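So the structure is just underneath, and the comments pick up after that.
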């Protein structure tokens, strides 16, 4: 699978999990078993996306023009902040906390979902065109190879 296709697949997976979280947090009571599974799936897809992007950034930055480099640098720097915020969110919202503070969790989840959707949009608008231009849209993703 090409990096382009893999990134699109991971973005779609993340959007699906965000939609599932949205539906679950609309419930009046926390559906903990399902909620935990969706949160785990979202975390895994998000990590896979982050790892793929980290492998892609060096080549994309090397080939990018000044404006694209600026956008890629901003994405890369923002990823560190986003990872910290995500880790803080996940560690703060344990099963016990979610169960006892369901309404607050719903608000916090809404905020995190919006931030993730916004991030994916920025990644797509910045990285997809560069992958297509770089000719990596048809190349395979290899874990040991930096693109």
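In the numbering used here, the protein residues as written are 1 to 147.
Ideal Cβ positions, reconstructed from N, Cα and C, are used throughout, including at glycine.
In this text the structure is predicted, and so the values were computed from the model without any measurement.
Let me confirm a value: residue 118 is counted as buried when at least 16 other C-beta atoms fall within 10 Å, else exposed. Which label applies?
exposed
Pairwise C-alpha distance: residue 44 and residue 11
Between the alpha carbons of residue 11 and residue 44 lies a distance of about 12 Å.
Rounded C-alpha distance that separates residue 68 from residue 61
Inter-residue distance for residue 68 and residue 61 is about 8 Å (C-alpha atoms, whole angstroms).
Look at the Cβ atom of residue 93, then the Cβ atom of residue 108, and state whether they are nearer than 8 Å.
Yes. Within cutoff.
Using 8 Å as the threshold, is the C-beta distance between residue 113 and residue 75 below it?
no
For residue 86, the first and last residue of its enclosing alpha helix (DSSP H):
Boundaries of the alpha helix (DSSP H) around residue 86: 66-92.
Pick from 18, 84, 37 and 63 that is closest to residue 130, judged by C-alpha positions
By alpha-carbon distance to residue 130, the top candidate from 18, 84, 37 and 63 is 63.
Exposed unless 16 or more other CB atoms sit within 10 angstroms - verdict on residue 46:
buried
Sequence-distant residues of the same chain with beta carbon closer than 7 Å to residue 124, five excluded per side
11
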